[in-house]
Amino acid sequence: MNKIVIFALAATAMVASAPVMAREHGGPRPDFSQLDANGDGQITQAEVKAFGAAEFAKADTDGNGSLTLEELTARAKADRSKKMGKRAKRMLKRVDSDGNGTIELAEMQEKHGGMRMFDRMDENEDGVISQEEFDAIKGKRRGRGKHKSDDE
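When we follow the numbering used here, the leftmost residue of the sequence shown carries the number 13, and every step to the right adds one.
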C-alpha cells in the first residue's frame, strides 16, 4: 500500500477514509492548500486528521458512520480511481478490524492515520509539515514506479 498518506487522506486522511485510501492507491491526491485548512503555511496532524474525517463523511453516503463495500466502490468511481475500485474488497477485509463488514472512522484512523508518514515528511521534526517538506516528498514520489503490492 502506498505510504504517502499525506497526499491522501485520508486517510487516511492521511486519515481516515475510503477516499484517503483511494489517494494512497493512485487516486486524486490533495494539494498542500487542501490540507493546510487554516492557511498558515503548515500542515498539522490535526489538519490531516480533520481532512480525513471530512473525506470519510463524504464517502459515508447514508450517514451512518460506517463505509460499506458499496460506498467504498462508489467513492472510488467518483474519484475516478480504477485501482481503488479493484482493491475495495481487499481494503475492507484488511481495515475492518471488528469483522462487521464495514469500516468505521476509528478503524480507518487506526490503520491509516498517516502519522508515521507525517513524521517522515516532517524532516526538521518541528511537528508541522511546511510547503517545502511537502514539495520534497512530492518530488521524490514522481521518481517512483508502480507500487510493489497492495499490502506494503
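We put the beta carbon where it would ideally sit given N, CA and C, even for glycine.
Selected residue, minimal CA-CA separation from residue i, among the options
{"i": "I141", "options": "G151, S78, I55, T80", "result": "I55"}
{"i": "K105", "options": "L79, R132, S45", "result": "L79"}
{"i": "E116", "options": "E144, G75, K89, N136", "result": "G75"}
{"i": "V60", "options": "D72, D110, R132, L47", "result": "L47"}
{"i": "A62", "options": "M103, E145, A118, T73", "result": "A118"}
{"i": "F64", "options": "E135, K123, S109", "result": "Phe is not the amino acid found at residue 64; the sequence shown has Gly there. When each option's Cα is compared against that of G64, the closest is K123."}
Residue i to residue j span [Cα, whole Å]
{"i": "N50", "j": "A69", "result": "20 Å"}
{"i": "N112", "j": "T85", "result": "17 Å"}
{"i": "D147", "j": "L81", "result": "33 Å"}
{"i": "R128", "j": "Q121", "result": "12 Å"}
{"i": "F130", "j": "Q57", "result": "7 Å"}
{"i": "G151", "j": "R99", "result": "26 Å"}
{"i": "I149", "j": "Q143", "result": "10 Å"}
{"i": "K89", "j": "G139", "result": "34 Å"}
{"i": "M133", "j": "R41", "result": "16 Å"}
{"i": "T73", "j": "F44", "result": "26 Å"}
{"i": "A34", "j": "A71", "result": "Below a pLDDT of 50, predicted positions are generally treated as unreliable, and A34, at 40, falls in that range; the measurement from the model is reported next regardless. When rounded, the distance between both Cα atoms is 11 Å."}
{"i": "A66", "j": "E137", "result": "26 Å"}
Per-residue burial, residue i [other beta carbons within 10 Å of its own, 16 or more giving buried]
{"i": "K101", "result": "exposed"}
{"i": "D52", "result": "exposed"}
{"i": "E135", "result": "exposed"}
Boundaries (first-last residue) of the alpha helix (DSSP H) holding residue i
{"i": "R128", "result": "127-133"}
Minimum Cβ-Cβ distance from residue i to chain D less than 9 Å
{"i": "K101", "result": "This model lacks chain D altogether; it includes just one protein chain."}
Inset, instruction - Would you list, in sequence order, the uninterrupted alpha helix (DSSP H) runs of no fewer than 4 residues that lie entirely inside the stretch 58-110? - result: 81-90, 94-107
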